[in-house]
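Counting in the UniProt record's numbering, the sequence shown runs from 1 upward without gaps. Written out below as structure tokens is the structure these notes cover.
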Amino acid sequence: MPLSEHEQRLFDQIERSLAEDPKFASAVRANDPRFHARRRLIIAAFVIVLGLALVVYGAASGQVLLGVAGFVVMLGSAAFAMQSRKRGQAPDLKSVGGTASRRTRQGRKGSGGLLDRLEDRWKQRPEGQR
Numbered sequence: 001m002p003l004s005e006h007e008q009r010l011f012d013q014i015e016r017s018l019a020e021d022p023k024f025a026s027a028v029r030a031n032d033p034r035f036h037a038r039r040r041l042i043i044a045a046f047v048i049v050l051g052l053a054l055v056v057y058g059a060a061s062g063q064v065l066l067g068v069a070g071f072v073v074m075l076g077s078a079a080f081a082m083q084s085r086k087r088g089q090a091p092d093l094k095s096v097g098g099t100a101s102r103r104t105r106q107g108r109k110g111s112g113g114l115l116d117r118l119e120d121r122w123k124q125r126p127e128g129q130r
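Quick look at the structure:
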């Protein structure tokens with residue numbers, strides 16, 4: 001159902017006032033999971049470079065443990081970056097004061113384990129095979 005001209009003007013006015021409010025913009029940005037994921041990716045990239053520097057320095061100075069520690073730092077940071085990227089691509093849905101949430105595997109049909117699927121097949125077999 002389309003909005004009347006008066007309702008559309010009111011809606012546009014509310015939208016402009018919200019867009020101009022810096023407090024509102026910072027509150028929305030603070031709750032945006034993509035913003036946090038992007039920040040975590042930047043931190044992870046910096047730590048990967050730091051780990052690479054440790055590996056190079058450890059190899060150049062002959063300190064094997066320092067090189068191994070640098071590699072472990074790089075590996076952990078890469079795992080952290082991949083996890084952050086995954087979270088940024090599929091943010092959780094949240095409703096202000098509501099109950100909206102992201103669909104989980106438990107809610108989908110056929111998401112049970114092997115035994116559940118086998119039991120379903122057993123129950124759905126034709127009558128002549130019993």
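Glycine included, every Cβ here is placed at the ideal spot set by N, Cα and C.
DSSP three-state call for ASP21: helix, strand or coil? coil
I'd like to know whether the C-beta atoms of ALA44 and PHE71 end up nearer to each other than 7 Å. no
Nearest-angstrom Cα separation, counted from ARG39 out to SER17: 28 Å
Run the CB neighbour count on SER77, radius 10 Å, all protein chains shown included, and call it buried at 16 or more, exposed below. buried
Outcome for SER84 when other beta-carbon atoms lying within 10 angstroms are tallied against a minimum of 16: buried
Our contact map puts GLY58 next to MET74 with C-beta atoms below 8 Å; I'd like the distance itself, whole angstroms only. Not confirmed; about 12 Å, so no contact.
Where VAL55 falls, given that 16 or more other Cβ within 10 Å makes a residue buried: buried
What number of angstroms, rounded off, separates the C-alpha of GLY113 from the C-alpha of GLU7? 52 Å
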